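2 protein chains.
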Amino acid sequence: MKYPTAIQNALDELGRLPGIGPKGAQRITYWLLARNLDDAKRLTDSILELKESISFCPVCWDFAEGGGLCRICEDQRRDVSLLCIVEEPRDVMAIERTGEFRGRYHVLHGSISPMDGVGPEQLRIRELLERLAGDEVEEVILATNPNVEGETTAIFLAKTLKQLSLKVTRLASGLPVGGDLEFADELTLGKALEARRDM
Amino acid sequence: MKYPTAIQNALDELGRLPGIGPKGAQRITYWLLARNLDDAKRLTDSILELKESISFCPVCWDFAEGGGLCRICEDQRRDVSLLCIVEEPRDVMAIERTGEFRGRYHVLHGSISPMDGVGPEQLRIRELLERLAGDEVEEVILATNPNVEGETTAIFLAKTLKQLSLKVTRLASGLPVGGDLEFADELTLGKALEARRDM
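Quick note, the sequences are listed as chains A and B, same order. Here the numbering used here = 1-based position in the first sequence + 5. Here the numbering used here = 1-based position in the second sequence + 5.
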């Protein structure tokens with residue numbers, strides 16, 4: 006037996022969302038069917054509003070509302086001499102949550118990955134260089150992911166940016182706080198040993 | 006730092022869906038932001054279409070399209086003498102997937118649960134009795150869940166339906182096919198022993 010068309014369409018569309026499999030899509034579909042129409046409308050309105058009102062900040066390429074600057078680029082109290090380079094907008098949020106960084110950001114929208122056909126020209130690196138030419142940046146923190154693509158991107162950027170005689174730093178690799186030495190993988194433990202600090 | 010309002014709203018609404026936590030909502034929101042508007046519209050249209058075109062079948066109370074009978078009640082080839090009673094529409098789908106049942110269904114929309122204030126009058130039991138009065142049903146299969154509420158509902162229905170001199174059966178409890186005896190809980194194993202079959 007097949008589902009009614011409207012149910013099958015909802016299952017298909019919900020199943021395309023990341024992290025939602027066929028079972029999850031079925032659960033959400035039946036949940037929506039049990040709600041009233043207003044609940045469903047609030048959900049669909051929030052999705053459409055998201056698509057309509059969110060654009061990219063023309064300075065740092067993070068998400069911004071209403072076509073203008075993002076909240077961080079708008080904030081005059083942020084330190085313009087510090088620039089943190091991340092792969093994705095979600096990484097901005099992750100660093101903001103630490104409360105440890107008061108500089109600004111630049112979002113690359115990806116990382117160099119020749120296997121997927123992503124080179125430096127597919128990322129927001131041209132925009133970064135234009136920005137650095139006019140900006141008062143003194144230190145660039147490379148906060149790309151600590152994986153192959155992120156490291157490749159960091160190495161490429163470090164080379165490029167050092168030519169502009171900027172201070173270039175990279176996020177530390179090491180043991181996660183609260184983690185167990187025993188459960189650390191050998192690469193992480195190796196990095197932690199290599200980058201050991203005086204006490 | 007806070008998210009832009011439109012992002013926060015989408016996070017809130019998506020986070021209300023069953024099985025989606027804050028991390029899942031964030032993942033879906035960023036995924037939607039990276040898609041084009043048409044993709045998001047297809048999703049929201051499918052949700053609104055779901056709410057607008059799906060109603061309850063007036064005979065079995067499963068979901069139906071366009072206000073009429075559901076596909077199973079419409080199908081003249083189904084055996085009208087066999088009626089399978091389930092708690093929810095998703096249970097209809099689960100039994101249909103077995104390909105073992107050619108009768109019709111009745112969806113109760115819940116199970117008796119005094120703790121949650123759900124008694125027989127909150128379920129589609131009145132509709133079931135009306136239906137049985139006019140219908141050519143000979144056997145009623147109680148396919149409520151094998152948990153406390155489902156068993157309570159089955160016992161209640163068995164008592165009520167036997168007064169109508171109908172054959173009333175219940176789904177078998179026992180070991181899941183492909184499962185390991187060692188990992189079966191003692192209740193299931195006890196039921197399997199109790200209901201052992203001649204070979």
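Beta carbons: idealized from backbone N, C-alpha and C, even for Gly. Every value quoted in this text rests on a predicted model; they were computed, and no experiment measured them.
With C-beta atoms as the reference, is residue i less than 7 Å away from residue j?
i: A148(A); j: G179(A); result: no
i: D229(B); j: R107(B); result: There is no way to answer for residue 229(B), as the model of chain B reaches only from 6 to 204.
i: E143(A); j: S86(A); result: yes
i: C75(A); j: C89(A); result: no
i: W66(A); j: V123(A); result: no
i: L55(B); j: A138(A); result: no
i: H114(B); j: R136(B); result: no
i: S58(A); j: A11(B); result: yes
i: V173(B); j: K167(B); result: yes
i: E70(B); j: P9(A); result: yes
i: R175(A); j: A159(A); result: yes
Helix, strand or coil for residue i? Go by DSSP, reduced to three states.
i: A69(A); result: strand
i: Y110(A); result: strand
i: L128(B); result: coil
i: I100(A); result: helix
i: S116(B); result: coil
i: L198(B); result: helix
i: E92(B); result: coil
i: S60(B); result: strand
i: I52(B); result: helix
i: E144(B); result: strand
i: L19(B); result: helix
i: L74(A); result: coil
Taking its Cβ as the centre, do 16 or more other Cβ atoms sit within 10 Å of residue i, making it buried, or is it exposed?
i: E18(A); result: buried
i: P155(A); result: Just to set this straight, residue 155(A) is Gly in the shown sequence, not Pro. Per the 10 Å Cβ criterion, buried.
i: T68(B); result: The question names Thr, yet the displayed sequence has Phe at residue 68(B). Classification for F68(B): buried.
i: Q81(B); result: exposed
i: A177(B); result: exposed
i: V145(A); result: buried
i: T49(B); result: buried
i: E141(A); result: exposed
i: S170(B); result: exposed
i: P94(B); result: buried
i: L186(B); result: exposed
i: D96(B); result: buried
Measure how close the beta-carbons of residue i and residue j come, nearest whole angstrom, since I'm counting them as under 8 Å.
i: S116(B); j: E92(B); result: 5 Å
i: Y110(A); j: I77(A); result: 6 Å
i: P23(B); j: I33(A); result: 6 Å
i: A45(A); j: L37(A); result: 5 Å
i: F161(B); j: P125(B); result: 6 Å
- Task: Give, in chain order, every unbroken run of the beta strand (DSSP E) that is at least 3 residues long and sits entirely within the segment 149-195 of chain B.
- Result: 172-175
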